[in-house]
Each structure stands twice: as C-alpha cells, then as structure tokens.
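Here's the structure, in structure tokens; my notes come after.
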Amino acid sequence: MRAPIQRYRNILDFALSSLLRRKGRNLALIGVYTLVVFVIASLIFFVQALKREARELLVQAPDMVVQRMVAGRHDPVPVAQAEAIRAIRGVEEVQARLWGYYYDPVFGGNLTVMASEDPSLAAEAVWIGQGVARSMRVKEGDLISLRGYGGLPILFTVQKILAGESELVSSDLILMSPTDVRALFNFPTGLATDLAVTAGNPRELPTIAAKIVEQFPDTRPILKSEVLRTYEAIFDWRGGLMVVVLGSAILAFIIFAWDKATGLSAEERKEIGILKSIGWESSDVLLLKFWEGSVVSLTAFLSGVLLAYVHVFFFSASLFEHALKGWSVLFPRYQLVPVLDGYQLTVLFFLTVLPYTAATLVPIWRAATVDPDAAMRS
Amino acid sequence: MRKSTLCLSLLGVQAALFLGMLLHARSQGERAVRQRQSSAALVRSLGLTDLCLFTEARYTRHPAMADRHAAFQDHPMGLDHFPSGSLVAPPTFPSPHASPHPALPQHP
Numbered sequence: 098m099r100a101p102i103q104r105y106r107n108i109l110d111f112a113l114s115s116l117l118r119r120k121g122r123n124l125a126l127i128g129v130y131t132l133v134v135f136v137i138a139s140l141i142f143f144v145q146a147l148k149r150e151a152r153e154l155l156v157q158a159p160d161m162v163v164q165r166m167v168a169g170r171h172d173p174v175p176v177a178q179a180e181a182i183r184a185i186r187g188v189e190e191v192q193a194r195l196w197g198y199y200y201d202p203v204f205g206g207n208l209t210v211m212a213s214e215d216p217s218l219a220a221e222a223v224w225i226g227q228g229v230a231r232s233m234r235v236k237e238g239d240l241i242s243l244r245g246y247g248g249l250p251i252l253f254t255v256q257k258i259l260a261g262e263s264e265l266v267s268s269d270l271i272l273m274s275p276t277d278v279r280a281l282f283n284f285p286t287g288l289a290t291d292l293a294v295t296a297g298n299p300r301e302l303p304t305i306a307a308k309i310v311e312q313f314p315d316t317r318p319i320l321k322s323e324v325l326r327t328y329e330a331i332f333d334w335r336g337g338l339m340v341v342v343l344g345s346a347i348l349a350f351i352i353f354a355w356d357k358a359t360g361l362s363a364e365e366r367k368e369i370g371i372l373k374s375i376g377w378e379s380s381d382v383l384l385l386k387f388w389e390g391s392v393v394s395l396t397a398f399l400s401g402v403l404l405a406y407v408h409v410f411f412f413s414a415s416l417f418e419h420a421l422k423g424w425s426v427l428f429p430r431y432q433l434v435p436v437l438d439g440y441q442l443t444v445l446f447f448l449t450v451l452p453y454t455a456a457t458l459v460p461i462w463r464a465a466t467v468d469p470d471a472a473m474r475s
Numbered sequence: 002m003r004k005s006t007l008c009l010s011l012l013g014v015q016a017a018l019f020l021g022m023l024l025h026a027r028s029q030g031e032r033a034v035r036q037r038q039s040s041a042a043l044v045r046s047l048g049l050t051d052l053c054l055f056t057e058a059r060y061t062r063h064p065a066m067a068d069r070h071a072a073f074q075d076h077p078m079g080l081d082h083f084p085s086g087s088l089v090a091p092p093t094f095p096s097p098h099a100s101p102h103p104a105l106p107q108h109p
C-alpha cells in the first residue's frame with residue numbers, strides 16, 4: 098500500500114521541482130488564474146445573495162399594484178377606484194399608496210418619500226432610512242428641511258431612524274403622514290400614486306387583473322410574480338455589460354492558459370526525452386504533468402473562491418461598489434447573507450479546473466509517446 | 002521537509018478553509034432570519050415593491066414599477082446613460098411587463 102503512495106509522492110515532488118524551475122511563469126499563471134476565478138465567483142456569490150434577498154423580501158410585497166397610465170406614462174390614480182376594485186370578487190384589501198420622489202439639492206440625491214399610516218408617526222415628523230441619515234448627517238430629534246412644491250422649505254423632526262437591518266429596502270426612504278406628503282408635493286386629495294391590491298387566493302390574481310383592466314382600461318396591473326421576475330431578470334448574471342467585460346477577460350485567460358499549457362518548450366521536450374530514456378513510462382510522464390496541472394488549477398480555484406467569499410460577504414463586495422453605485426449619491430450599506438449554490442460552484446470547478454488540466458495533458462501525451470532519442474534531439 | 006508534504010499541507014489547509022466556508026454559509030441562517038424580519042415587516046406594512054439598490058433614477062430605484070426601460074424616456078437626449086443601466090440586463094422576452102396574461106389587453 099505504501100509503495101504506490103510513495104510513487105505518487107515522488108512524482109509530485111518531481112512535478113513541484115519542475116514548477117519551481119519556472120517559478121516566475123507559473124506564479125504569474127496562478128495569479129491570473131486566481132483572479133479570473135475570484136471575479137467570476139464574486140459575481141456569482143453577489144448575484145445569488147441579492148436574488149435570494151429579493152425573493153425572500155418581496156414575497157411580502159402587495160399581490161398586485163394597479164397603476165394608472167396617461168399618455169403612456171404613470172399618473173396618479175383616483176382613490177375612488179379603490180372602492181370599485183375592492184368590490185371585485187376575490188379582492189381582500191385595496192390600499193392606496195401615496196409616494197413619490199424628492200430630489201435633495203443640498204447633497205444631490207434622489208429620495209423616496211412615502212406616506213405611512215403608522216399611528217406612532219407624528220405630524221410634521223419623519224422616519225428616515227439609514228442612507229438618508231448618513232447623507233444628511235442627522236440623528237433622531239434633529240430637524241430636516243425639505244423644499245415644498247412652492248419652493249419654501251418645510252421643517253420636519255426626525256422622529257426615528259429605521260433599523261440598519263432593513264437598509265436593503267429602506268435606505269433612501271422618508272416616511273411621513275399622508276397629510277404631510279400631500280402638503281409637501283401639493284398632491285391633490287382624492288388621488289394616490291397607485292393602489293396595492295391583496296387577493297384572498299393568489300391563483301385568482303390573473304382573473305382579478307383582467308377584470309380591473311376591463312373596468313378601468315387606463316390602468317396597468319403589476320402582479321407580484323412580475324415584480325419577482327423583474328428582479329430575477331435584473332440579476333441574471335448572464336446579462337449586462339459585466340458579462341461582456343468578464344467574457345473578454347475569460348477569453349484572454351483561456352488564450353493565455355492554452356498557450357501555456359499546450360505549447361511545450363524545447364526544454365520540456367528534452368526533459369521528457371531524458372525521463373523516458375532513464376526508464377520513465379509514458380504513463381509516469383502523463384502523471385507528472387497531471388500533478389503539475391492539478392496543483393496549479395486547484396490552488397487557483399480554492400484561493401479564488403475563498404477570496405471571493407471574503408470579498409462579498411465580509412467586505413460587502415467593495416470592488417463592485419463603484420460599478421453598482423454608478424451616479425447614485427445615496428447608496429445602501431448592507432451585509433449580504435451568504436448563499437452558496439452547490440450547482441454553480443460545481444460548474445465553476447468544471448469550467449476552470451478540468452479544462453486547464455486537460456489542456457496540459459494532450460501535448461504531453463503526444464510528446465511522451467515519441468521516441469526518447471527523437472525527443473531529445475528536437 | 003519534502004516539497005510534496007508542503008504542497009499537500011497547503012492544499013489541505015485550502016480545502017479545510019473551503020469546508021469552513023460552506024459551514025459558515027450554513028450557520029448564517031439565523032442571522033438571515035433576524036436581518037430579514039425588520040425588512041419584511043417594512044415591506045408588508047408599506048407595501049414596498051422594490052429593493053433600494055440604485056437610487057440614481059426613477060426606473061433604477063423602482064424597476065418593477067417603472068415604464069419599460071426605454072432610452073429617451075426622460076427627455077429627447079436622454080439615452081440610458083446611468084452606469085447601472087449597463088449592469089441591468091434587458092428584460093427577457095416577453096418582458097415582465099409585456100402582457101403576461103392572455104386575457105389582458107396589451108398595455109404600454
């Protein structure tokens with residue numbers, strides 16, 4: 098039992114010595130290889146974690162949101178329509194949502210202002226998200242000034258700062274009473290931004306949506322399933338610019354690795370010739386190169402995946418921050434909950450480790466099967 | 002020390018860390034539940050429909066509520082110039098808002 102293990106270890110020793118002889122080239126290869134695995138794994142982890150959060154959180158979203166469209170654009174909806182929709186069989190509750198956007202000229206960020214019916218929310222007071230508190234540099238009890246529709250500033254007391262754990266949905270929120278929202282935006286009474294509909298049986302939603310459209314042809318119902326599907330589409334990692342950039346990087350790496358793995362130098366051919374002339378079998382030479390490829394690819398794969406995990410779940414994907422921030426002034430800070438998809442890790446493994454190991458074996462097999470004398474002379 | 006011993010030890014450490022990573026991810030379930038509780042309560046009580054990820058424009062802040070992601074939607078020179086517009090994949094066809102129910106008429 099010990100003899101075969103010793104044989105493998107001897108070959109591994111030889112393989113490592115061979116790798117160390119071309120230290121610079123192999124270290125560069127491992128570095129680039131690790132970087133490619135790191136970027137792909139980071140992207141996979143980040144997208145999977147956000148998808149999971151979207152799925153888990155937005156399952157609580159309204160079953161259906163009814164918007165009114167005027168001339169192809171979203172317009173306030175009459176609150177009276179809520180009553181008519183509530184009368185449709187299968188509808189359990191209709192809630193008029195009052196919300197809008199507020200551009201803050203001081204720090205240049207877009208905020209979402211929303212009405213909340215919470216009885217503990219006082220008049221002329223606001224609850225704000227962590228992102229708003231950070232940008233405006235305010236704490237509970239401070240006053241904030243928002244410019245009203247007439248151009249005059251309106252003062253609000255910061256009654257509460259929403260919990261940091263909810264930052265993924267509330268970072269840019271300013272919650273105030275419906276009266277204050279109407280006063281701030283001069284929002285006409287009797288109109289709401291849209292209507293949130295809850296159905297008793299979610300399977301009836303398409304029928305309810307059809308009835309709403311029939312009754313109010315200028316409305317657009319958006320189902321919860323569509324909201325969830327939108328988020329699936331947004332974070333489809335196969336789409337978007339990232340993949341174009343990544344695609345070119347991966348292609349460059351494939352060319353680099355292929356060139357390195359398939360192009361045997363004269364020195365390597367001579368080495369194979371010498372090994373065969375001193376009694377090495379072709380299978381030993383193949384095993385030697387298999388070990389070389391495995392050490393390089395396994396080290397790069399494991400390092401890349403581990404670094405990606407730390408990057409995404411401990412440093413909140415800080416390297417992607419600039420791309421994700423874009424022109425946003427206000428950016429939520431959240432720590433993602435780790436989600437590891439075994440299927441995607443396996444695919445990543447097979448797409449990175451196996452091709453490289455295989456690419457090293459083919460030219461070696463060709464070189465190892467030629468006559469040692471010819472190999473040494475070439 | 003033999004080179005192979007050192008190499009196998011290093012690979013062993015990496016494999017152990019990899020296993021630790023899998024276990025760490027599994028152990029975060031409780032934190033996830035706690036973290037999601039306050040967010041889920043807000044989503045439920047306010048009827049929120051979107052995650053607060055990109056706040057630069059209306060249609061990136063609330064992609065589920067926006068018009069179709071269209072260039073020129075804000076003004077004639079308004080190309081989709083926000084950097085996140087290049088990260089957000091175009092909707093799959095048929096798009097999420099493109100009349101998913103046969104009973105519904107086509108809406109803009």
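Chains as they are written, first to last, in the working numbering: chain P, 98 to 475; chain Z, 2 to 109.
We put the beta carbon where it would ideally sit given N, CA and C, even for glycine.
Excluding the 5 residues flanking R164/P on each side, which residues of the same chain have their C-beta closer than 6 Å to its C-beta? Walking along the first sequence from the start, residue 164/P turns up at place 67. First, the residue type needs correcting, since residue 164/P is Gln and not Arg in the sequence shown. If we look at Q164/P and ignore the five residues flanking it on each side, its Cβ neighbours are H171, D291 and R317.
Would you mind listing the beta strand (DSSP E) stretches within the region 139-201 of chain P that are 3+ residues and don't spill past its ends, in chain order? Here the runs fully enclosed are 161-167, 170-172, 188-194 and 196-201.
Return the CA-CA distance between Y130/P and E365/P, expressed in angstroms with no decimal places. The residue labelled residue 130/P in the question sits at position 33 within the first sequence. The residue labelled residue 365/P in the question sits at position 268 within the first sequence. The alpha-carbon atoms of Y130/P and E365/P are separated by roughly 22 Å.
Cutoff 8 Å: L24/Z Cβ touching any chain P Cβ: Residue numbering aside, residue 24/Z sits at position 23 when the second sequence is read from its first letter. Not one chain P Cβ lies under 8 Å of L24/Z.
D269/P at chain Z interface by Cβ criterion, 8 Å: Here residue 269/P refers to the residue found at position 172 when the first sequence is read from its first residue. Answer yes: the Cβ-Cβ gap between D269/P and chain Z drops below 8 Å somewhere.
One or two residues paired with K257/P in a DSSP bridge: Taking the first residue of the first sequence as 1, we reach residue 257/P at position 160. Partner(s): W224/P.
From A151/P to G390/P, what distance separates their C-alpha atoms? Here residue 151/P is taken as the residue at index 54 of the first sequence, counted from 1. Here residue 390/P is taken as the residue at index 293 of the first sequence, counted from 1. Using only the alpha carbons, I get a separation of about 40 Å.
Determine, for E418/P, whether the minimum Cβ-Cβ distance to residues of chain Z falls below 8 Å. Sequence index remark: in the first sequence, residue 418/P carries index 321 (1-based). It does not; no Cβ of chain Z falls within 8 Å.
Please classify E214/P as buried or exposed, where buried requires at least 16 other C-beta atoms within 10 Å of its C-beta. As a first step, residue 214/P is located in the first sequence; it is residue number 117 there, counting from the start. Counting every other CB atom within 10 Å of its CB across the protein chains shown gives E214/P a total below 16, marking it as exposed.
Name, in chain order, the residues that DSSP records as bridge partners for P318/P. Locating residue 318/P in the first sequence gives position 221, where the first residue counts as 1. BP columns for P318/P point to V163/P.
Might you give, ordered along the chain, the residues of its own chain that have their beta carbon closer than 8 Å to the beta carbon of A306/P, omitting 5 neighbours on each side? Within the first sequence, numbered from 1, the residue matching residue 306/P stands at position 209. For A306/P, where only same-chain residues beyond five positions count, the Cβ hits under 8 Å are M161, P318 and L320.
In the DSSP assignment, the alpha helix (DSSP H) including G245/P goes from what residue to what residue? In the first sequence, residue 245/P corresponds to position 148, counting from 1. Membership of G245/P in any alpha helix (DSSP H) is not indicated, and neither H nor E is assigned to it by DSSP.
V255/P vs V278/P beta-carbon contact at 8 Å: For the purposes of this step, residue 255/P is taken as the residue at position 158 of the first sequence. For the purposes of this step, residue 278/P is taken as the residue at position 181 of the first sequence. Contact: no.
Check the DSSP bridge columns for M66/Z and list the partner residues they point to. Residue 66/Z sits at position 65 when you count from the first residue of the second sequence. Answer is none; M66/Z lacks a bridge partner.
Between the C-alpha atoms of I182/P and L43/Z, what's the straight-line distance to the nearest angstrom? As a position in the first sequence, residue 182/P is number 85, starting the count at 1. As a position in the second sequence, residue 43/Z is number 42, starting the count at 1. Each residue's CA atom was taken as its position, placing I182/P and L43/Z some 24 Å apart.
Does L20/Z have its Cβ less than 8 Å from a Cβ in chain P? Sequence index remark: in the second sequence, residue 20/Z carries index 19 (1-based). Closer than 8 Å: no.
Taking 8 Å as the CB-CB cut-off, is R106/P touching chain Z? Taking the first sequence and counting its residues from 1, one reaches residue 106/P at position 9. At least one chain Z Cβ lies under 8 Å of R106/P.
If we require 3 or more residues per run, which beta strand (DSSP E) segments fall completely within the region 261-296 of chain P? Those beta strand (DSSP E) runs which fall completely within the region 261-296 of chain P and span 3+ residues are 270-273 and 291-296.
For K373/P, which residues in the same chain have their Cβ closer than 6 Å to its Cβ, ignoring the five residues on either side in sequence? The count along the first sequence starts at 1 and reaches residue 373/P at position 276. These residues qualify, in order along the chain: P469.
Using the beta-carbon of each residue, which ones in chain Z are nearer than 8 Å to L399/P? Translated into positions along the first sequence, residue 399/P becomes position 302. Result: L12, Q15, A16, L18 and F19.
Residue range of the unbroken alpha helix (DSSP H) whose run includes G13/Z: On the second sequence, position 12 is the one that residue 13/Z refers to. Per DSSP, G13/Z is one residue of the alpha helix (DSSP H) stretching across K4 to S28.
Exposed or buried, which one is L20/Z when buried takes at least 16 other CB atoms within 10 Å? Residue mapping note: residue 20/Z aligns to position 19 of the second sequence, counting from 1. By the 10 Å Cβ count, L20/Z comes out exposed.
Closer than 8 Å to chain P by CB, E57/Z: As a working note, residue 57/Z is residue 56 in the second sequence. E57/Z counts as touching chain P.
Between the CA atoms of V266/P and R3/Z - distance to the nearest angstrom: Locating residue 3/Z in the second sequence gives position 2, where the first residue counts as 1. Locating residue 266/P in the first sequence gives position 169, where the first residue counts as 1. Each residue's CA atom was taken as its position, placing R3/Z and V266/P some 55 Å apart.
Note down the Cα distance separating G79/Z from S425/P, rounded to an integer number of angstroms. On the second sequence, residue 79/Z is found 78 positions in, with the first residue counted as 1. On the first sequence, residue 425/P is found 328 positions in, with the first residue counted as 1. Note that G79/Z has pLDDT 47, beneath the 50 cutoff, so the model's placement of it is unreliable and the number below is only indicative. Between G79/Z and S425/P, the C-alpha separation is close to 17 Å.
Taking the alpha carbon of E264/P as the point to measure from, which residue in L49/Z, R27/Z and Q29/Z has its own alpha carbon closest? Along the first sequence, read from residue 1 onward, the residue named residue 264/P stands at position 167. E264/P has its Cα closest to that of L49/Z, out of L49/Z, R27/Z and Q29/Z.
For P77/Z, the three-state DSSP class (helix, strand or coil): Numbered from 1 along the second sequence, position 76 holds the residue referred to as residue 77/Z. With a pLDDT of only 49 at P77/Z, under the threshold of 50, the placement of this residue in the model should not be trusted; the figure read from the coordinates follows. Coil, per DSSP.
Interface partners of R122/P on chain Z, CB under 8 Å: The residue you call residue 122/P lines up with position 25 of the first sequence. Those within 8 Å of R122/P in chain Z number zero; the least Cβ separation is about 18 Å.
With the cut-off set at 8 Å, would you say L458/P and L343/P are in Cβ contact? The residue you call residue 458/P lines up with position 361 of the first sequence. The residue you call residue 343/P lines up with position 246 of the first sequence. No, Cβ-Cβ distance for L458/P and L343/P is not below 8 Å.
Is the beta carbon of A33/Z closer than 8 Å to that of T327/P? Counting from 1 along the first sequence, the entry for residue 327/P is found at position 230. Counting from 1 along the second sequence, the entry for residue 33/Z is found at position 32. Not a contact, by the Cβ cut-off of 8 Å.
Can you tell me which of the three DSSP states L458/P falls into? Along the first sequence, one-based indexing puts residue 458/P at 361. Residue state, collapsed to three classes: helix.
Contact between the region 188-206 of chain P and the region 292-305 of chain P (3+ Cβ pairs under 8 Å): Contact between the region 188-206 of chain P and the region 292-305 of chain P is present, because at least three Cβ pairs lie under 8 Å.
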